[in-house]
Amino acid sequence: MSRWTGLCGAALATTVFLAPVIATAATLTVTLDGVANGKAMPGQYAFCVLAQQGHVTLGSDKNPKVSWSGAPKSTRSFAVIVVDPDVPSVPTDVNKEGKTIAKTLKRANFYHWVLVDIPATVSAIDESADSDKVTPHGKPPGPAGLGLRGINDYTKWFAGDDAMKGDYGGYDGPCPPWNDTIVHHYHFKVYALDVPSLKLSGNFDGPQALKAMKGHTLAKGESVGTYVLNPALMKTGAAK
Numbered sequence: 113m114s115r116w117t118g119l120c121g122a123a124l125a126t127t128v129f130l131a132p133v134i135a136t137a138a139t140l141t142v143t144l145d146g147v148a149n150g151k152a153m154p155g156q157y158a159f160c161v162l163a164q165q166g167h168v169t170l171g172s173d174k175n176p177k178v179s180w181s182g183a184p185k186s187t188r189s190f191a192v193i194v195v196d197p198d199v200p201s202v203p204t205d206v207n208k209e210g211k212t213i214a215k216t217l218k219r220a221n222f223y224h225w226v227l228v229d230i231p232a233t234v235s236a237i238d239e240s241a242d243s244d245k246v247t248p249h250g251k252p253p254g255p256a257g258l259g260l261r262g263i264n265d266y267t268k269w270f271a272g273d274d275a276m277k278g279d280y281g282g283y284d285g286p287c288p289p290w291n292d293t294i295v296h297h298y299h300f301k302v303y304a305l306d307v308p309s310l311k312l313s314g315n316f317d318g319p320q321a322l323k324a325m326k327g328h329t330l331a332k333g334e335s336v337g338t339y340v341l342n343p344a345l346m347k348t349g350a351a352k
């Protein structure tokens, strides 16, 4: 073995030996009652449903039952975040007659549920426990029986609507544009955390909750439901 081969081999061995071990979060098993992973959500869990006249009307807006398992024994609390990453980044043509929203349009996140400081003894949130109807002007954020509610993005969406504007805490379900050309995906994410509280207060939102979780996530998992309000997509079976 040459001198250079020996030096390179020693250097490689040292590099491998000293390489940091990157910790990865364990996986939680998350299930939604009545919603198979990747399949359509029933209208009872939606903020909007198809209307007999016009395009859409308000739905039942019940939160689905969310269950999880597989949390580490060191878990001190849980958080539930629900996000739709398929929302049009430009709202100009949303729900406009004679317009459609192109598949190629850049998409953005829309947070539908932000709930943190869920006790470590909890492994499920029952149907309708956080929402059982549409509440104009929103449900109050802050301490609730299930944990600590943040605000969802209907707070921003309705900011200019006098009939609906307010702080929307807790769960509010899907209401994708009826003229969108893609299926929307709703990611129900559950996080097991190593702290009993994230020490959040006020009208914190989804990104702020996720930022507070950094360095505290022991395990995470998700289940995905889909939803559309475009009749053309329903006819093709894309919503199933």
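Just so you know, we're using this note's numbering here: the sequence shown kicks off at 113 and counts up by one. Just so you know, even glycine gets a beta-carbon here, dropped at the ideal spot from N, CA and C.
Cα-Cα separation, residue i to residue j
i: Lys277; j: Thr267; result: 7 Å
i: Asp196; j: Leu227; result: 16 Å
i: Leu322; j: Val302; result: 11 Å
i: Met346; j: Gln165; result: 17 Å
i: Gly327; j: Pro184; result: 15 Å
i: Thr136; j: Ser186; result: 15 Å
i: Leu310; j: Thr204; result: 36 Å
i: Pro255; j: Asp317; result: 14 Å
i: Asn221; j: Phe270; result: 16 Å
i: Trp225; j: Tyr283; result: 4 Å
i: Thr216; j: Thr233; result: 44 Å
i: Ile294; j: Asp198; result: 8 Å
i: Tyr157; j: Met325; result: 27 Å
i: Asn83; j: Ser313; result: This structure gives no information on residue 83, because the portion of the chain shown stretches from 113 to 352.
i: Pro154; j: Thr329; result: 31 Å
Residue i vs residue j beta-carbon contact at 8 Å
i: Leu140; j: Phe300; result: no
i: Asp292; j: Ile213; result: yes
i: Ala304; j: Ala331; result: yes
i: Leu341; j: Leu162; result: yes
i: Ser189; j: Val336; result: no
i: Ser243; j: Trp180; result: no
i: Thr247; j: His297; result: no
i: Glu334; j: Val192; result: no
i: Asn264; j: Tyr223; result: yes
i: Asp173; j: Lys245; result: yes
i: Pro253; j: Asn207; result: no
i: Ile241; j: Leu260; result: For the record, residue 241 in the displayed sequence is Ala; it is not Ile. Cβ distance not < 8 Å, so Ala241 and Leu260 don't count as in contact.
Three-state secondary structure assigned by DSSP to residue i
i: Thr204; result: coil
i: Gly150; result: coil
i: Tyr339; result: strand
i: Lys332; result: strand
i: Trp269; result: helix
i: Leu140; result: coil
i: Leu345; result: helix
i: Val133; result: Any reading at Val133 must be qualified, since the residue scores a pLDDT of 47, below 50, and its modelled position is unreliable; no value is offered.
Anticipated Cβ contact below 8 Å, residue i with residue j, distance rounded
i: Pro319; j: Pro200; result: That pair is no contact at about 19 Å.
i: Gly250; j: Asp279; result: 5 Å
i: Gly285; j: Gly262; result: Not confirmed; about 16 Å, so no contact.
i: Gly210; j: Ala138; result: Gly210 to Ala138, Cβ: 50 Å. No contact.
i: Val168; j: Cys160; result: 4 Å
i: Lys177; j: Ile237; result: 7 Å
- Task: Note down, one range per segment and in chain order, each beta strand (DSSP E) of at least 3 residues found wholly within the stretch 245-329.
- Result: Correct list: 254-256, 259-261, 296-305.
- Message: Threshold first: 3 residues or longer. Then list the beta strand (DSSP E) segments lying entirely within the stretch 163-248, N to C.
- Response: Correct list: 168-170, 178-181, 189-200, 219-231.
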